[in-house]
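Engineer: Have a look at this one before I ask anything.
Protein chains: 2
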Amino acid sequence: MKPVTVYDIAREANVSVATVSRVINNTAPVKKSTREKVLELIHKYQFQPNALARSLFKKETGMIGVILPDITNPFFPEVLAGLDQEARSKGYTFFLCDTVSTNGDSVEQYVRESQYLNILMEKQVDGIVMIGGRINLAKPERELVSEVAEASKRVPLLLINGSLPGESMTRIYADEREGAELATQHLIDLGHRDIAFAGGFKKMSNTLQRIQGFVRTMEKNGLQAKKEWMLDGGFSVESGKAFLNRLLELPERPTAIFCANDLVAIGAMKAASKAGLRVPQDLSLVGFDDIPYASNSIPELTTVSLKCYDVGKGAAELLHQMITKNKVNKNTKIRPELIVRETTACPSRN
Amino acid sequence: MKPVTVYDIAREANVSVATVSRVINNTAPVKKSTREKVLELIHKYQFQPNALARSLFKKETGMIGVILPDITNPFFPEVLAGLDQEARSKGYTFFLCDTVSTNGDSVEQYVRESQYLNILMEKQVDGIVMIGGRINLAKPERELVSEVAEASKRVPLLLINGSLPGESMTRIYADEREGAELATQHLIDLGHRDIAFAGGFKKMSNTLQRIQGFVRTMEKNGLQAKKEWMLDGGFSVESGKAFLNRLLELPERPTAIFCANDLVAIGAMKAASKAGLRVPQDLSLVGFDDIPYASNSIPELTTVSLKCYDVGKGAAELLHQMITKNKVNKNTKIRPELIVRETTACPSRN
DNA sequence: AGCAACGATGAAACCGGTTACTGTCTATGA
DNA sequence: TCATAGACAGTAACCGGTTTCATCGTTGCT
Chain A
1 MKPVTVYDIA REANVSVATV SRVINNTAPV KKSTREKVLE LIHKYQFQPN
51 ALARSLFKKE TGMIGVILPD ITNPFFPEVL AGLDQEARSK GYTFFLCDTV
101 STNGDSVEQY VRESQYLNIL MEKQVDGIVM IGGRINLAKP ERELVSEVAE
151 ASKRVPLLLI NGSLPGESMT RIYADEREGA ELATQHLIDL GHRDIAFAGG
201 FKKMSNTLQR IQGFVRTMEK NGLQAKKEWM LDGGFSVESG KAFLNRLLEL
251 PERPTAIFCA NDLVAIGAMK AASKAGLRVP QDLSLVGFDD IPYASNSIPE
301 LTTVSLKCYD VGKGAAELLH QMITKNKVNK NTKIRPELIV RETTACPSRN
Chain B
1 MKPVTVYDIA REANVSVATV SRVINNTAPV KKSTREKVLE LIHKYQFQPN
51 ALARSLFKKE TGMIGVILPD ITNPFFPEVL AGLDQEARSK GYTFFLCDTV
101 STNGDSVEQY VRESQYLNIL MEKQVDGIVM IGGRINLAKP ERELVSEVAE
151 ASKRVPLLLI NGSLPGESMT RIYADEREGA ELATQHLIDL GHRDIAFAGG
201 FKKMSNTLQR IQGFVRTMEK NGLQAKKEWM LDGGFSVESG KAFLNRLLEL
251 PERPTAIFCA NDLVAIGAMK AASKAGLRVP QDLSLVGFDD IPYASNSIPE
301 LTTVSLKCYD VGKGAAELLH QMITKNKVNK NTKIRPELIV RETTACPSRN
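Which chain is which? The protein sequence lines are A and B, in order. Just so you know, we're using UniProt numbering here: the first sequence kicks off at 1 and counts up by one. Just so you know, we're using UniProt numbering here: the second sequence kicks off at 1 and counts up by one.
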């Protein structure tokens, strides 16, 4: 049972396909009686025009691709939600491209990124959004990155929360350094002097930014970031636990930890609880991102909101501009916000 | 700067487009020297074949659509991950269609569902997966549902965790009733007799199933489910808090609550903590779904795993079968599993 | 030598829409 | 009365691939 086409409709209505098309798109006047006849047939057969054919000719698909590293990380659904709400109102549909690697191999992830980039372009998406992923690599890995820049010459491509070293691409991002400064200053203001930084990957630009903001703020306050209290190696709950346990084994312990993201903070909180430490009385914790977890934990997590939803929404607007006009300001910065909840307090003196 | 096409390649290689196509798809023998010349040009121009044109002719797009109610609910990313991993290995790409309504209006959500259904079909997706949403409506709302059944006649359509009353459609689901039985029996085995049920929407079939499992197990053990301890009205953390507070105001209080999902359980846990109740000493809590939250809370949540990931994976396999052959067993059931963690204990006697 | 089978290739149809171009026919104004 | 604009509609080209069918030259077998 073949799907019905404009030709079928045209034949049965005794008109040409051009007329059918005009009725569908309201693109030129059609006699009322003719229009009605066509409309009736369309309804009768539940005719659905083939979007492939249409897009092939019109050179626009109304599809945009989103490439992200792991949909299971609650950070991403949040920006996706913002992206979606805004994009939907403009008539776009989404490809979701998750580059998560099954075996934890990060090279595999990069490969996947390239694959998706190609697939999306072949599918003629109107635009592409990349969140995180390789665009977060720090300078040394630069070569890995050129094809992203290459792709951006062929299709509107927007980077979220990441930049390509050396390449000037359009991007929208939350200012991670400022966020880190906010968090660090908050801890210092509470009276903490012994503050650790835990989480992330030093190879990634987002981690670097956060570390920079941390170190800088420490120094500005006449404090110094202790090397042995700077732990990296992951963004997950598990790694958060590991970090805390490592910290526990040290001769000197910090009174507060600034975590690279909320998941790490949650992990640290769990490990602390296991070890009999009370948060925030014995240990202050601040996270980063403000994913929904953060407000659902007990105690609720003090954190820095990266305004995921706003970033997503802004991204959709920007991309839309890139697609229609193609004049857009290259760098859009979203200001993060410190959200004080229950995991930070003055250090206990003893 | 127009994108290059097979024609451009063909011209410059002094061959016909047919030959170029053959080289690309390895679909017929081509002389080695010719092949190399073509390949070289493809590389030179970074030629990317237009997938729209190809799909238009081949009548397959390698795209599948996923319709779900709210990507922000961590349940869905989990099944998405399973779906994705499996589908990706079979060469599919995803449309993500989030029907979440901005204003909380559920009618709006149904409208969105229909829209997406149509869009997806027009875009000629190879198949559609629907998770939750209107397929979860209980019988009375049946009329709202016919167009889903209608769509399933035109394109392979698979239902996850939901059924269409009266219509026989292919579906894969975790047995919610069995899951509820597991949870309830667990509480009873611990010695609880006064057990409440909180969360969900009574209009939705998934809630109904869980309630059924709960009530049935209570009765099987000679207990009865108290009407005033059966609260519905949501699947969110907020509603979980509200439920607990309502329960607190009652003259008689349950010693345990079986929550319609993990989010509700988390909410209840938070409200309990605020009210000075210790979990599990003063109140046992069991959730449902086993989203990542569940293992990250303090204390960790006892819950019923719906095997989201497996369900997603199974869905991808099923859909693929529906697309290729079209012979498939209509009902695939996944057995849920009780996961005992830290929020359940024997009731304290007093 | 004769013929089948196969390798290599091109011409053209096809997928299902949209639109440029053309040509009626009618209403309107000079 | 005639020129002209605008409503209405059809023909055919076009978008960029894939595939069928036909052609032609080799090779292999009898």
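Cβ coordinates follow ideal geometry from the N, Cα and C atoms, glycine included.
What residues of chain A sit near residue 347 of chain B, judged by a beta carbon separation below 7 Å?
Structural biologist: Those do not exist, as residue 347 of chain B stays about 22 Å from chain A at its closest Cβ, beyond 7 Å.
Engineer: With C-beta atoms as the reference, is residue 185 of chain A less than 8 Å away from residue 207 of chain A?
Structural biologist: no
Engineer: Under 7 Å from any heavy atom of the ligand MG, does the C-beta of residue 262 of chain A make it?
Structural biologist: This structure simply doesn't include the ligand MG, nor any ligand for that matter.
Engineer: In chain order, what are the residue ranges of uninterrupted alpha helix (DSSP H) at least 4 long that sit wholly in the segment 201-273 of chain B?
Structural biologist: 205-220 and 237-248
Engineer: Look up residue 303 of chain A in the DSSP assignment and give the residues it is bridged to.
Structural biologist: A:339
Engineer: Along the segment 271-283 of chain A, where does the CB come closer than 8 Å to a CB of chain B? Name the residues.
Structural biologist: 273
Engineer: Is residue 303 of chain B close to chain A? Criterion is C-beta to C-beta, closer than 8 Å.
Structural biologist: no
Engineer: Expressed to the nearest angstrom, what Euclidean distance is found between the alpha-carbon atoms of residue 300 of chain A and residue 294 of chain A?
Structural biologist: 6 Å
Engineer: Checking contacts by CB at 8 Å: is residue 64 of chain A closer than that to chain B?
Structural biologist: No Cβ of chain B is located within less than 8 Å of the beta carbon of residue 64 of chain A.
Engineer: With residue 275 of chain B as the anchor, note down where its alpha helix (DSSP H) starts and where it stops.
Structural biologist: Segment: none, residue 275 of chain B is in no alpha helix (DSSP H) and carries neither H nor E.
Engineer: Measuring alpha carbon to alpha carbon, tell me which of B:202, B:336 and B:245 ends up nearest residue 273 of chain B.
Structural biologist: B:245
Engineer: From this set, A:284, A:327, A:313 and A:331, which residue's C-alpha is nearest residue 348 of chain A's C-alpha?
Structural biologist: A:284
Engineer: If you reduce the DSSP assignment to three classes, tell me which class residue 331 of chain B lands in.
Structural biologist: strand
Engineer: Taking a contact to mean a Cβ-Cβ separation below 8 Å, would you say residue 298 of chain A touches residue 169 of chain B in this structure?
Structural biologist: no
Engineer: Among the candidates B:37, B:316, B:116 and B:329, whose CA atom is the shortest distance from the CA of residue 360 of chain B?
Structural biologist: No answer is possible for residue 360 of chain B: the residues shown for chain B start at 1 and end at 350.
Engineer: In the DSSP assignment, the beta strand (DSSP E) including residue 67 of chain A goes from what residue to what residue?
Structural biologist: 63-68
Engineer: Could you say which of A:296, A:83 and A:39 lies nearest to residue 91 of chain A if we only look at CA atoms?
Structural biologist: A:83
Engineer: Let me make sure I understand the geometry here. Which of B:109, B:29, B:163 and B:213 has the alpha-carbon closest to that of residue 180 of chain B?
Structural biologist: B:213
Engineer: Using a cut-off of 8 Å between C-beta atoms, extract the partners of residue 269 of chain B located in chain A.
Structural biologist: 298
Engineer: Give every residue of the same chain whose Cβ lies closer than 7 Å to the Cβ of residue 174 of chain A, excluding the five residues on either side of it in the sequence, and list them in chain order.
Structural biologist: 161, 306, 307, 311, 334 and 336
Engineer: Can residue 194 of chain A and residue 99 of chain A be called in contact, C-beta distance under 8 Å?
Structural biologist: no
Engineer: Taking Cβ-Cβ distances shorter than 7 Å, what residues in chain A pair up with residue 169 of chain B?
Structural biologist: Per Cβ cutoff of 7 Å: no residues; residue 169 of chain B is ~18 Å from chain A at best.
Engineer: Can you give me the start and stop residues for the alpha helix (DSSP H) that residue 55 of chain A sits inside?
Structural biologist: 51-58 is the span of the alpha helix (DSSP H), which, as asked, contains residue 55 of chain A.
Engineer: Could you tell me which chain B residues have their CB closer than 8 Å to the CB of residue 293 of chain A, listed as they occur along the chain?
Structural biologist: Near residue 293 of chain A (Cβ distances below 8 Å), the residues of chain B are 293 and 296.
Engineer: Using 10 angstroms around the beta-carbon of residue 189 of chain B, count the other beta-carbons present and answer buried if the total reaches 16, otherwise exposed.
Structural biologist: exposed
Engineer: To be precise: take each residue of the UniProt domain "HTH lacI-type" (4-58) of chain B, compare its Cβ to all Cβ atoms of chain A, and keep it if any distance is under 8 Å. Which residues remain?
Structural biologist: 46, 48, 49, 50, 51, 52, 53, 55 and 56
Engineer: Using the beta-carbon of each residue, which ones in chain A are nearer than 7 Å to residue 80 of chain B?
Structural biologist: 71
Engineer: With distance defined between alpha-carbon atoms, name the residue in A:201, A:127 and A:10 nearest to residue 93 of chain A.
Structural biologist: A:127
Engineer: List, in chain order, every chain A residue whose beta-carbon is nearer than 7 Å to that of residue 251 of chain B.
Structural biologist: Neighbours of residue 251 of chain B across chain A, judged by C-beta separation under 7 Å, do not exist; the nearest C-beta is about 27 Å away.
Engineer: How many whole angstroms separate the CB atoms of residue 183 of chain B and residue 71 of chain A, which I take to be in contact at a CB cut-off of 8 Å?
Structural biologist: No, residue 183 of chain B and residue 71 of chain A are not in contact; Cβ-Cβ is about 27 Å, not under 8 Å.
Engineer: Can you find the residues in the same chain that come closer than 6 Å, C-beta to C-beta, to residue 229 of chain A, ignoring five residues on each side of it along the sequence?
Structural biologist: 196 and 254
Engineer: Quick one: is residue 313 of chain A buried, meaning 16 or more other Cβ sit within 10 Å of its Cβ, or exposed?
Structural biologist: buried
Engineer: Which partner residues does residue 182 of chain A have in the DSSP bridge list?
Structural biologist: DSSP, once it has assigned bridges, lists no residue as partnering residue 182 of chain A.
Engineer: Per DSSP, what kind of secondary structure is residue 190 of chain B in: helix, strand or coil?
Structural biologist: coil
Engineer: So who's on the other strand from residue 288 of chain A, going by DSSP bridges?
Structural biologist: Paired residues: none, contrary to the question.
Engineer: Quick check: what's the CA-CA separation for residue 22 of chain B versus residue 45 of chain B?
Structural biologist: 18 Å
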